[in-house]
Amino acid sequence: MLDELIEQAIEQKKIINKVDPRVTALDIDEETDKPVIYIFISDLHVGALGTDYEALRDLIKFLREHSYVKVIFGGDLYDNFLHFKSLKGANDSVYSPSVQLEIIALLVEELESRDQLRVLGLGNHGVNREEKAVGYSILKKRVVAVRHKIFEGMGFVNIKVGNEIYRGVISHKGKGHSHINPLHGGMRLARLANLPDFVFYGHEHVPASGIYVENRREIIVLKGGTYQTRSAYIEREYNIGVGGHIRTQMIIFFPDRHKKVFFDCPDDAILYYEALMGKYEKHDTK
């Protein structure tokens with residue numbers, strides 16, 4: 023009986039891991055000899071009354087018009103007030119949690135259909151609240167086709183562009199806070215991850231970005247902003263009357279040398295990228 027139970031557990035574990043895989047690392051091969059551009063998006067908070075839906079509409083339009091841009095999400099894409107110590111957020115909603123989830127699922131599926139989605143990171147508003155309510159991520163069950171791209175916590179990526187491989191860390195939250203250094207949480211993540219090429223995180227609704235060198239490695243740290251520019255609860259309890267700030271950053275990865283360039287403005291990134299691609303295409307015709 024003991025041996026049978028152990029063998030059954032082994033088989034059951036295989037089945038569960040196949041049905042509900044927990045992904046902590048991804049190898050992404052862009053299969054190109056030209057530069058690739060990524061956009062990093064977090065804290066959309068779809069459904070919240072204080073979310074800037076005009077800006078969100080512009081973001082979706084931007085992604086449709088520039089289908090070559092690859093997307094990494096950093097969590098808290100919908101507000102999802104299923105469980106919280108205060109019901110203020112639930113009262114300040116324009117959609118129910120089920121409709122919020124459906125909006126994000128439609129966006130994810132649209133991006134996947136154009137081969138834009140690279141990572142779907144989940145945050146405390148998503149997986150944490152859903153696990154408290156039902157024991158698992160509801161969004162993960164809804165978008166089964168991309169479950170192999172979902173990070174339910176901190177995750178690691180290896181992005182291959184041409185001959186180069188870029189290591190990255192994706193996490194909804196940084197590791198710690200500092201009133202002096204706004205990127206402290208991301209820099210600690212970088213050290214824990216053995217100094218990758220880039221770190222991306224969000225959660226704080228106050229964006230920041232920078233590049234620094236440690237042990238001769240050049241590291242880009244991106245802390246995403248939020249599309250929830252107003253929140254009565256956050257402004258009262260945390261930001262002392264200051265709302266969140268919209269910021270979506272981008273990185274261009276080069277294929278023929280280990281070079282990466284980041285931008286805080288998507289429009290500037292697109293201008294640079296398209297000019298850069300023109301040079302590569304011109305070189306190919308020689």
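According to the numbering used here, the sequence shown holds residues 23 to 308 in order.
Virtual Cβ for every residue (Gly too), placed ideally from N, Cα, C.
For a cutoff of 7 Å on Cβ pairs, would you count residue i as touching chain C?
i, result
"Met209", "Of the protein chains in this structure there is only one, and it is not chain C."
Can you name, in chain order, every residue of its own chain whose Cβ lies under 6 Å from the Cβ of residue i, other than the five neighbours on each side?
i, result
"Asp74", "Tyr249 and Thr251"
"Glu52", "Val58 and Val183"
"Leu78", "Tyr249"
"Phe276", "Pro57"
"Asp49", "Asn180"
"Leu244", "Phe62, Phe222, Ser231 and Gln271"
"His280", "Glu186"
For a quick check, are the C-beta atoms of residue i and residue j less than 7 Å apart?
i, j, result
"Leu123", "Tyr100", "yes"
"Asp286", "Ser231", "yes"
"Lys83", "Tyr60", "no"
"Phe95", "Gly143", "yes"
"Tyr302", "Lys56", "yes"
"Gly145", "Gly97", "yes"
"Ile187", "Phe173", "no"
"Lys282", "Ile273", "yes"
"Lys195", "His227", "no"
"Asn185", "His147", "no"
"Arg269", "Pro204", "no"
"Ile125", "Val68", "yes"
State the CB to CB distance for the pair residue i and residue j, rounded to an integer number of angstroms; the pair is presumed to be in contact (CB under 8 Å).
i, j, result
"Leu133", "Leu85", "7 Å"
"Gly190", "Lys197", "16 Å between Cβ atoms; not a contact."
"Gly266", "Gly247", "7 Å"
"Ile241", "Phe220", "7 Å"
"Arg151", "Ser89", "Wrong, their Cβ atoms sit about 32 Å apart, outside the cutoff."
"Val45", "His170", "6 Å"
Using the Cβ count rule (16 or more neighbours within 10 Å means buried), how would you classify residue i?
i, result
"Glu29", "exposed"
"Leu24", "exposed"
"Tyr234", "exposed"
"Pro43", "exposed"
"Ala155", "exposed"
"Leu161", "buried"
"Leu66", "buried"
"Leu128", "exposed"
"Ala47", "exposed"
"Ala70", "buried"
"Ser64", "buried"
"Ala297", "exposed"
Pick helix, strand or coil for residue i, following the three-state DSSP scheme.
i, result
"Arg44", "coil"
"Leu81", "helix"
"Lys163", "helix"
"Val228", "coil"
"Ile28", "helix"
"Arg169", "helix"
"Arg140", "strand"
"Met209", "helix"
"Arg86", "helix"
"Tyr249", "coil"
"Glu76", "helix"
"Ile241", "strand"
"Ser135", "helix"
Please return the same chain residues whose Cβ sits closer than 7 Å to the Cβ of residue i, not counting the five positions on each side in sequence.
i, result
"Glu236", "Leu217"
"Val130", "Leu139, Leu142, Val165 and Val168"
"Val54", "Per the sequence shown, residue 54 should be read as Thr rather than Val. Only Val183, Gly184 and Pro277 meet the Cβ criterion."
Looking only at its own chain, which residues have a Cβ that is under 8 Å from the Cβ of residue i, when we skip the five neighbours before and after it?
i, result
"Ser159", "Leu144, Gly148, Val149, Glu152, Glu153, Ile172 and Glu174"
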